[in-house]
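K.L.:
My structure is below; once you've seen it, I'll send some questions.
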Amino acid sequence: MAIIVKESMHNEAAFILKTIKEVGFDAATVSLEHGRKFVMETQDGAIKFLKETNSKSADLNLFKDGRNGTFVTRDFRPDKLKNFLIKAREMLVLTDADPAATLPPDNRLSPLPDIDLDLIDRELVNSKKNAALEICRQIEAGARKVAPEAITVEASFEDGHYATELVNSKGFCGFKENTVAMVIAKVNIKDKNGKKQLGADYDFVTHFSDIRDFTELGASAAQRGLDMVGAAPIATGDYPIIVDARDTHMLLSEMLMRPLAGGQIYRKLSFLQDKIGKKIAPDFLTIRDDPFIKRGTGSEPFDAEGMINRPMPVIEKGVLKNYYFNTYWANKMGCEPTTGSPTNWIFDLGSRSGKEMAEKAEKAIYITDFNGGNSNPLTGDFSKGITGFLYENGRLVQPIANMNLACNLGQMLLDLEEVGNDPFKCSSIKCPSLRFKTMKVAGK
Amino acid sequence: MYDMTRRDFLKGAAAAGSLLCMSAVLPGCGKAPKVAAGPAPAPGSWEYGPLFGVSAEDCQKVLQEALKRGGDFAEIYFQNRASDGLSLEEGIVNDAWATTDMGAGVRVVVGDQVGYAYTEELTLEALLNTAKTAALIAHGSAVNGPDLLKPVKVENRFPITYLPTEWPIADKMAILRRVDKAARAASAKVEVVITYMQSTFDQVLIVRSDGLVCSDARPRVSLGCTVSVRSGERVERNSFSLGGRTNQEIFAGDAPERVAKEAVRRAEICLEAITPPAGEMPLVLAPGESGILLHEAIGHALEADFNRKGVSLFSDKMGQKVASELCTIVDDGTIPHADGSVSVDDEGNPGHRTVLVENGILKSYMHDRISASHYHVEPTGNGKRQSFRFQPIPRMTNTLLLNGPHNKEELFAGIARGIYAISFTNGSANIGQGDFVFYINYGYLIENGKLTSPIKDVNLVGNGPEILGRIDRVANDFAMPETASGYCGKHSAGGSQRVSVNFGLPAVRVSKITVGGRA
């Protein structure tokens, strides 16, 4: 297996940039990415799938006579690269000039932060593939202990090592790398009526030593399946809503990330248009974008354009503070760029977990999974399938499925009543459980 | 992340906008393309060997290496993909992109076990190393690779004259400008107009340990338009696109203007939309795009990998009633130029028309090689993969509900309050439970048998067998979506895979479904 070598990536990126200049482009960013990945999946004790891969690619953001385009190639042989670039130039010069398409401003290209983000686990650099079968068997054993009658138990282990060398024609040169490991447990259960139910759980880390106990993970997946046995829709109505921490990042991607994207703002296609400095949520909601969390799955020193990342408030005491403007959208808006995409989102925490909220609720639907659905970032209209539990007087009444939650996202933000203390660690969106006022839930 | 780059936005718009064009190449292309490139190569033989720089002997050596530790079967899947796109916004073509991607995946199969590896470097040494890695799944003695490779002629379902990726840029830009102009002229309410064209050409060579060799050429184009419209304080957006497995000839005649006008028409309907209702009520699905019902309610659960593992709710239902007797559902990979079609699938099996459900009775699953072997049936041409980086798995092609006996008027009769769903953006399904959802882009309220107010942005929720059992009217106006096809994502070993699919159906009535609105 090839090993990621910083020096050779640097040299290769520099060669690509040199060739780009020789072909006649005025400016360019080269993002060279190398990666390796290992995957093992087992079912009922046997290996069912094994995959090992290496990959590399170069994303080239090219500028010529005020025109801009993005080109991707994986063939860096000098003659092939040159031919690819000549074709790219021929395509680009036929398009129209756009003065907003520029490299990032100089003041955002240095200095690189002198922070160790601790994103590399030497164990994972070399891959834990020799331990993978035992890991999967431990996951399966944990699941079987809780659900011995499961139809099937599946486990998977995956690890990878990824690196990016980013250089541009303004002299920027940055390198970032990280390792990842992921484990998944899936348990298929049949209830006494013959209805099948899937229980699943997972973990995702940058360091192997941080991963959850494998037996416990398998047991958790099985328990999640068993807890949902007998799930059925309940009557359509207005219910107070609690969203479990592991699902809040899905909600937030619809509620905030899409509407805060620079393109949506410039095009006036966001319900959060013109809301900077305005109250969009209660005082207790504070979210900051922090790219420098040690071992954070969203941590990185610079963004996709090479702009140096920096911590940024998103919502402060309920007031919207920033949009996500890369260089292009910032130029369009006539403002300074922030960054192109979220890194880690960190929340001011409350005092209770989602489960504790449910166990104190007079009546609530505790959502543990979203199923499909969508939202309209322009209007905030939101409609998604849900599964979870109905609680009454602090007691679990029944699991629910085949139901739908609908709301307007702008109103939902204002209707937030509580932020939990249980941020979900597997996501870069480290959001805790959230409790809302009543919302329309459709069922029977 | 969402819409953080212009290119990402366009990709998202193309995927979400989406559902499909089927039709064969339109006649009467306005003008001949000024391309230097010759006709697209016909698939079917060793023609692509030189493209990938491999000989038959090389492939035999690689397959021999793949089977060095034993195994039932091995294959090499070579792929070369060229893609490009242009977009127009604020009156200028201000974004261009292009990618090239070439590589080969090697798969070794032992029973239902799969070893997989790929390489982006097509030297013999790299291919042998890739085969060695894939072979790690096996633990037996070496078996012989193929003594003789037998090229097989493929029936080309996507014949084209010129490659979509070599269509002149100036001509592509002219089409985009026509869409933009037509959208702005269509209504004074139009504010934002974003127009894009994407072109792809895939060349595939499959070499199997049973000796079969085939190559395939797969073009694809799409032309889309997203608009926002304003009326007072109210703003809405919508999209429309045309496309298919063909080239830009499909955009001949007034197609650019039609794309623009339809996007504007849909957005203007949404300006009048009321808050959709919540709760159980009758549903009438319009012909065409509503085929997403089949895709989510039964299609995924009939993909045979879920059934051979016993996790699908249909795994023990073969020969049993799984839908209303009005339902005959087929998966048809043979429709010319349709996005879901295959000349050969990604395992080298020809496209096929498979009856899945006949008069409500379950007749067949959709198979790849592994599941066909498990069930002792012939493969059904459903082994598809996202690219050479992935192993093939059972996927839908074009999933269709055939015409029924009713007139469309009969579908609305007697409905006091219900939903008429016309256009959709996305859906998903839980395979074991059979629960599914799909999201309405726009439709109408039915009141006393008549269409009244438009509705939009609402999810429909149901359980597959329950909903299919509640289909009590099927009209005789079968259609496939006119819009450009979307993609379907499916979780599989090694990661989620995205492939293009399509569907179609006549208007149908479901006596009761949960509508996820707010009113």
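Protein sequence lines correspond, in order, to chains C and E.
The opening residue of the first sequence carries number 1 in my numbering; numbering runs sequentially from there.
The opening residue of the second sequence carries number 445 in my numbering; numbering runs sequentially from there.
Glycine included, every Cβ here is placed at the ideal spot set by N, Cα and C.
Being a predicted model, the structure only gives us computed values, none of them experimental.
According to DSSP, what are the bridge partners of GLY668 of chain E?
P.N.:
E:TYR640, E:SER685
K.L.:
Can you say whether GLU392 of chain C is buried or exposed, counting buried as having 16 or more other CB atoms within 10 angstroms of its CB?
P.N.:
Burial call: exposed.
K.L.:
Does the beta carbon of THR248 of chain C sit closer than 9 angstroms to a beta carbon anywhere in chain E?
P.N.:
no
K.L.:
Give a yes or no on whether the C-beta atoms belonging to ASN870 of chain E and GLY380 of chain C are separated by under 9 angstroms.
P.N.:
no
K.L.:
So which residues on chain E does CYS431 of chain C lean against when the C-beta distance must stay under 8 angstroms?
P.N.:
Here the premise fails: no neighbours, minimum Cβ distance about 16 angstroms.
K.L.:
Compute the Euclidean distance between the alpha carbons of PRO240 of chain C and ILE315 of chain C, then round it to the nearest angstrom.
P.N.:
24 angstroms
K.L.:
Going along chain E in order, which residues have a C-beta closer than 7 angstroms to the C-beta of GLU52 of chain C?
P.N.:
ALA561, THR577
K.L.:
Can GLY687 of chain E and ARG702 of chain E be called in contact, C-beta distance under 9 angstroms?
P.N.:
no
K.L.:
For ILE536 of chain E, return the contacting residues in chain C, with the cut-off set at a CB-CB distance below 7 angstroms.
P.N.:
ASP96, ASP98
K.L.:
At a Cβ cut of 9 angstroms, what residues of the stretch 733 to 767 of chain E count as close to chain C, listed as they run along the chain?
P.N.:
GLU740, LYS753, GLY754, VAL755, SER756, LEU757, SER759, ASP760
K.L.:
I need the boundaries of the alpha helix (DSSP H) containing MET546 of chain E, first residue and last residue.
P.N.:
Here MET546 of chain E belongs to no alpha helix (DSSP H); instead the beta strand (DSSP E) covers 536 to 554.
K.L.:
Short of 8 angstroms Cβ to Cβ, which residues in the stretch 602 to 627 of chain E face chain C?
P.N.:
Cβ contacts with chain C: ILE613, ALA614, MET617.
K.L.:
For MET546 of chain E, tell me which candidate among E:PHE522, E:ASN538, E:GLU791 has the shortest Cα-Cα distance.
P.N.:
E:PHE522
K.L.:
Roughly how many whole angstroms lie between the Cα atoms of LEU103 of chain C and ALA27 of chain C?
P.N.:
8 angstroms
K.L.:
Hey, could you find the ends of the beta strand (DSSP E) GLU417 of chain C is sitting in?
P.N.:
Taken as a continuous stretch (DSSP letters only), the beta strand (DSSP E) holding GLU417 of chain C covers 416 to 419.
K.L.:
Taking 9 angstroms as the CB-CB limit, is GLN223 of chain C close to chain E?
P.N.:
no
K.L.:
Would you mind giving the Cβ-Cβ distance between LEU566 of chain E and ALA548 of chain E, rounded to the nearest angstrom? I have them listed as a contact below 8 angstroms.
P.N.:
6 angstroms
K.L.:
Using a C-beta to C-beta distance shorter than 9 angstroms, which residues of chain C count as neighbours of ALA510 of chain E?
P.N.:
Within chain C, no residue comes near ALA510 of chain E; the closest Cβ sits about 13 angstroms away, beyond 9 angstroms.
K.L.:
Give me the chain E residues within the contact set of ASN130 of chain C, using Cβ-Cβ distance strictly less than 8 angstroms, ordered along the chain.
P.N.:
Residues of chain E with a Cβ closer than 8 angstroms to the Cβ of ASN130 of chain C do not exist, since the nearest Cβ in that chain sits about 12 angstroms away.
K.L.:
Looking at the C-beta of ALA722 of chain E, does it have a partner C-beta in chain C at a distance below 9 angstroms?
P.N.:
yes
K.L.:
Where does ASN826 of chain E sit, in a helix, a strand or coil, going by DSSP?
P.N.:
coil
K.L.:
Could you have a look at LEU112 of chain C and say whether DSSP puts it in helix, strand or coil?
P.N.:
Note: LEU112 of chain C maps to coil in three-state DSSP.
K.L.:
At least one CB of chain C closer than 9 angstroms to the CB of GLN642 of chain E: is that the case?
P.N.:
Not an interface residue.
K.L.:
If you measure from the beta carbon of GLY960 of chain E to each beta carbon in chain C, is any gap under 9 angstroms?
P.N.:
Yes, because at least one Cβ of chain C sits closer than 9 angstroms to the Cβ of GLY960 of chain E.
K.L.:
Can you give me the start and stop residues for the beta strand (DSSP E) that SER585 of chain E sits inside?
P.N.:
Annotation for SER585 of chain E: no beta strand (DSSP E) segment contains it, and DSSP assigns it neither H nor E.
K.L.:
Kindly list, in the order they appear in chain E, the residues whose Cβ is closer than 7 angstroms to that of VAL72 of chain C.
P.N.:
THR543
K.L.:
Would DSSP call GLY515 of chain E helix, strand or coil?
P.N.:
coil
K.L.:
Who pairs with LEU746 of chain E in a beta bridge, going by DSSP?
P.N.:
Beta-bridge pairing links LEU746 of chain E to no other residue.
K.L.:
Which residue from E:PHE695, E:VAL679, E:PRO731 puts its Cα closest to that of ALA717 of chain E?
P.N.:
That would be E:VAL679, whose Cα lies nearest to the Cα of ALA717 of chain E.
K.L.:
Out of C:GLN197, C:CYS407, C:GLY174, point me to the one whose CA is closest to THR719 of chain E's CA.
P.N.:
When each option's Cα is compared against that of THR719 of chain E, the closest is C:CYS407.
K.L.:
If I follow the unbroken alpha helix (DSSP H) through VAL708 of chain E, where does it start and stop?
P.N.:
699 to 715
K.L.:
If we cut at 9 angstroms on Cβ distances, does VAL39 of chain C have a partner in chain E?
P.N.:
yes
K.L.:
Look at the alpha carbon of CYS473 of chain E and the alpha carbon of VAL943 of chain E, and state the distance between them as a whole number of angstroms.
P.N.:
Note that CYS473 of chain E has pLDDT 29, beneath the 50 cutoff, so the model's placement of it is unreliable and no number is given.
K.L.:
Decide if LYS360 of chain C is buried, meaning its Cβ has at least 16 other Cβ atoms within 10 Å, or exposed.
P.N.:
exposed
K.L.:
Would you check if the distance between the CB atom of LYS363 of chain C and the CB atom of SER433 of chain C is smaller than 9 angstroms?
P.N.:
no
K.L.:
Looking only at its chain, what residues have a beta carbon closer than 6 angstroms to the beta carbon of ALA222 of chain C, apart from the 5 residues adjacent to it on each side?
P.N.:
Cβ contact annotation for ALA222 of chain C (same chain, cutoff 6 angstroms, sequence separation greater than five): ALA143, VAL146, ALA147, VAL187, GLY199, in chain order.
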